[in-house]
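K.L.:
In this note's numbering, the protein residues as written are 247 to 537. Every residue, glycine too, gets a C-beta built ideally from N, C-alpha and C. Please read all numbers here as calculations on a predicted model, not as lab measurements.
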Amino acid sequence: MRYAKTKALLAGALLVSLAACGGGGGGSTVKVDVNKDAKFPSGSTMAKLQDAGKIKIGVKIDQPGIGFKDAGSDVPEGFDIEMGRIVAAGMGLSDDQIEWVTTISDNREPFLQKGTVDIVIASYSITDERRQIVGQAGPYYVTGQQLLVAADDDSIKGPDDLDGKKVCSVTGSTSIETVEKEYGANPAGFDSYSECVTQLQNGNVDAVTTDGAILLGYAAQDPDNLKVVGDPFSEERYGVGYKKGDTEFCQYITDTIQKAMDDGKWADAFKATLGKSGVDTPEPPKMDPCE
Numbered sequence: 247m248r249y250a251k252t253k254a255l256l257a258g259a260l261l262v263s264l265a266a267c268g269g270g271g272g273g274s275t276v277k278v279d280v281n282k283d284a285k286f287p288s289g290s291t292m293a294k295l296q297d298a299g300k301i302k303i304g305v306k307i308d309q310p311g312i313g314f315k316d317a318g319s320d321v322p323e324g325f326d327i328e329m330g331r332i333v334a335a336g337m338g339l340s341d342d343q344i345e346w347v348t349t350i351s352d353n354r355e356p357f358l359q360k361g362t363v364d365i366v367i368a369s370y371s372i373t374d375e376r377r378q379i380v381g382q383a384g385p386y387y388v389t390g391q392q393l394l395v396a397a398d399d400d401s402i403k404g405p406d407d408l409d410g411k412k413v414c415s416v417t418g419s420t421s422i423e424t425v426e427k428e429y430g431a432n433p434a435g436f437d438s439y440s441e442c443v444t445q446l447q448n449g450n451v452d453a454v455t456t457d458g459a460i461l462l463g464y465a466a467q468d469p470d471n472l473k474v475v476g477d478p479f480s481e482e483r484y485g486v487g488y489k490k491g492d493t494e495f496c497q498y499i500t501d502t503i504q505k506a507m508d509d510g511k512w513a514d515a516f517k518a519t520l521g522k523s524g525v526d527t528p529e530p531p532k533m534d535p536c537e
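#1: Alpha carbon to alpha carbon, how far is leucine 461 from leucine 446? Give it in angstroms, no decimals.
#2: Looking only at DSSP bridge pairs, what is serine 371 linked to?
#3: Taking the beta carbon of threonine 275 as the centre, do at least 16 other beta carbons fall within 10 Å, making it buried, or is it exposed?
#4: Return yes when the C-beta of cysteine 442 is under 7 Å from any heavy atom of the ligand GDP, and no when it is not.
#5: Cα separation between leucine 358 and methionine 329?
#6: Could you give the distance in angstroms between the alpha-carbon of methionine 292 and the alpha-carbon of alanine 383?
#7: Can you tell me whether serine 480 is buried or exposed? The criterion is at least 16 other CB atoms within 10 Å of its CB, across all chains shown.
#8: Counting only runs that start and end within the segment 399 to 449, where is the alpha helix (DSSP H) found for 4 or more residues in a row?
#9: Excluding the 5 residues preceding and the 5 following lysine 251 in the sequence, name in chain order all residues of the same chain whose CB lies nearer than 8 Å to its CB.
#10: Use the C-beta contact count for serine 391: other C-beta atoms within 10 angstroms, 16 or more gives buried, fewer gives exposed.
#11: Three or more beta-carbon pairs under 8 Å between the segment 391 to 403 and the segment 498 to 510, yes or no?
#12: Can you name the start and end residues of the alpha helix (DSSP H) that glutamine 467 belongs to?
#13: If you draw a straight line from the C-alpha of aspartate 297 to the C-alpha of glutamine 467, how long is it?
#14: Which whole-angstrom value is the C-beta distance of threonine 373 and threonine 420, which I expect to be below 8 Å?
#15: Could you check the C-alpha separation between lysine 282 and glutamate 482 for me, to the nearest Å?
#16: Please confirm whether arginine 331 and valine 366 have their CB atoms less than 8 Å apart.
#17: When you compare the CB positions of valine 416 and lysine 489, do they come within less than 8 Å of one another, or not?
#18: Should the segment 424 to 444 be called in touch with the segment 404 to 411, which here means at least 3 C-beta pairs below 8 Å?
#19: Could you name the residues of the same chain whose beta carbon sits closer than 6 Å to that of threonine 493, not counting the 5 residues immediately before and after it, in chain order?
#20: Could you give the distance in angstroms between the alpha-carbon of valine 474 and the alpha-carbon of lysine 412?
#21: I'd like the list of long-range same chain contacts for lysine 300, defined as Cβ closer than 6 Å, with 5 residues on each side in sequence excluded.
#22: For serine 290 and methionine 337, what's the separation of their Cα atoms in angstroms?
#23: In chain order, what are the residue ranges of uninterrupted alpha helix (DSSP H) at least 4 long that sit wholly in the segment 267 to 329?
#24: Is serine 401 buried or exposed, if buried means 16 or more other CB atoms sit within 10 Å of its CB?
#25: Helix or strand or just coil, what does DSSP make of proline 385?
#26: Could you name the residues that DSSP lists as bridge partners for leucine 358?
#27: Nearest to leucine 503 by alpha carbon, out of Gly491, Pro531, Gly521?
#28: Is it right to say aspartate 514 is buried, meaning 16 or more other beta carbons lie within 10 angstroms of its own, or is it exposed?
#29: So which of Gly521, Ala284, Tyr370 has the shortest CA-CA distance to threonine 456?
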């Protein structure tokens, strides 16, 4: 997926992200095929989850279009949520057998290591450093890092204007590391992107940075006061986190998502979340092999 195409697609798609992913009573209208006849090797993670009749999935709940839950919802919505439903359904687990666990960027690795969750699908960028600690299957989606600033701020047009600027992102994210190390920004870390947006609205930081898909959703909520600037300046490859070393589980996740890409379920998920505005659905990315 090329950045220019991604930006054009998501700019329109996320202008309606509140209606698409942030309102109503939660849940999904996307049909997934729950494979009640699925058989797995004894002792495998898939067999254990199937036997338990439950899977715990770590997700974000403050990212419109990706993973979002408002005060009136019982279940989060977004593209990550749909990927979680697809992975669960392949093991014969229906929606009511999924426990959605609220996850922030800084606790994704500990949650996987401690078994707090079985998988993490939370705008979880694949990196070599993370793959030293946990497993990451994917990518199931590709986006790029951008900047959110005040609508009347013309001093920041891209990352080269960040030297000495106070820039907010979530603690532990790759985004905050990039702007500090590569562009000289003064980092301000918070637990969630919504907190960063509030800091920007209150004038306490100069910009917020993360994936463009997420930022466009926030700009849509307050278009008179917020805007996204500049072209994407990184490649963020979203992956599904799992406990390191479980190659068999990685292969199951990869095969299940690849099947969804091939049979149209991935496209259905995109259209129902990021693509709610009716824009063309992009081609799915190529998945990495499991090692």
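P.N.:
According to the structure data:
#1: Sequence index remark: in the sequence shown, residue 446 carries index 200 (1-based). Sequence index remark: in the sequence shown, residue 461 carries index 215 (1-based). Each residue's alpha carbon lies about 12 Å from the other.
#2: By one-based count along the sequence shown, residue 371 stands at place 125. Answer is Tyr484, bridged to serine 371.
#3: Here the question's residue 275 lines up with position 29 in the sequence shown. So threonine 275 counts as exposed.
#4: This structure does not include the ligand GDP; it has no bound ligands of any sort.
#5: The residue labelled residue 358 in the question sits at position 112 within the sequence shown. The residue labelled residue 329 in the question sits at position 83 within the sequence shown. If you take the alpha carbons of leucine 358 and methionine 329, they lie about 18 Å apart.
#6: Here residue 292 refers to the residue found at position 46 of the sequence shown. Here residue 383 refers to the residue found at position 137 of the sequence shown. If I take the Cα positions, the gap works out to 15 Å.
#7: Start at 1 with the first residue of the sequence shown, and residue 480 comes out as number 234. Buried, since its Cβ has 16 or more Cβ neighbours within 10 Å.
#8: 420 to 429, 439 to 447
#9: The residue labelled residue 251 in the question sits at position 5 within the sequence shown. Bear in mind that a pLDDT of 35 at lysine 251, under 50, signals an unreliable position, so the number given afterwards is only what the model happens to contain. So the list reads Pro528, once near-sequence residues are dropped.
#10: By one-based count along the sequence shown, residue 391 stands at place 145. Here residue 391 turns out to be glutamine, not serine, going by the sequence shown. Per the 10 Å Cβ criterion, buried.
#11: no
#12: Numbered from its first residue, the sequence shown carries residue 467 at position 221. Segment 458 to 467, the alpha helix (DSSP H) holding glutamine 467.
#13: Here residue 297 is taken as the residue at index 51 of the sequence shown, counted from 1. Here residue 467 is taken as the residue at index 221 of the sequence shown, counted from 1. So the two alpha carbons sit approximately 42 Å from each other.
#14: For this step, residue 373 is matched to residue 127 along the sequence shown. For this step, residue 420 is matched to residue 174 along the sequence shown. Rounded, the Cβ-Cβ distance is 6 Å, consistent with contact.
#15: Residue numbering aside, residue 282 sits at position 36 when the sequence shown is read from its first letter. Residue numbering aside, residue 482 sits at position 236 when the sequence shown is read from its first letter. Cα-Cα distance, rounded: 34 Å.
#16: Here residue 331 refers to the residue found at position 85 of the sequence shown. Here residue 366 refers to the residue found at position 120 of the sequence shown. No, Cβ-Cβ distance for arginine 331 and valine 366 is not below 8 Å.
#17: Stepping through the sequence shown from its first residue, residue 416 is reached at position 170. Stepping through the sequence shown from its first residue, residue 489 is reached at position 243. No, Cβ-Cβ distance for valine 416 and lysine 489 is not below 8 Å.
#18: yes
#19: As a working note, residue 493 is residue 247 in the sequence shown. Cys536, listed in sequence order.
#20: In the sequence shown, the residue the question calls residue 474 occupies position 228. In the sequence shown, the residue the question calls residue 412 occupies position 166. Rounded to the nearest angstrom, the two C-alpha atoms are 16 Å apart.
#21: As a position in the sequence shown, residue 300 is number 54, starting the count at 1. Contacts found: Gln343.
#22: Along the sequence shown, one-based indexing puts residue 290 at 44. Along the sequence shown, one-based indexing puts residue 337 at 91. One C-alpha to the other measures close to 12 Å.
#23: 291 to 298
#24: Mapped onto the sequence shown, residue 401 falls at position 155. Result: exposed.
#25: Position 139 of the sequence shown, counted from the first residue, corresponds to residue 385. Note: proline 385 maps to strand in three-state DSSP.
#26: Your numbering for residue 358 matches position 112 in the sequence shown. For leucine 358, which the question treats as bridged, DSSP gives no partner whatsoever.
#27: As a working note, residue 503 is residue 257 in the sequence shown. It is isoleucine, not leucine, that sits at residue 503 in the sequence shown. For isoleucine 503, the nearest C-alpha among the options comes from Pro531.
#28: By 1-based counting over the sequence shown, the position of residue 514 is 268. Counting Cβ neighbours within 10 Å, aspartate 514 comes out buried, since at least 16 surround it.
#29: Within the sequence shown, numbered from 1, the residue matching residue 456 stands at position 210. Threonine 456 has its Cα closest to that of Tyr370, out of Gly521, Ala284, Tyr370.
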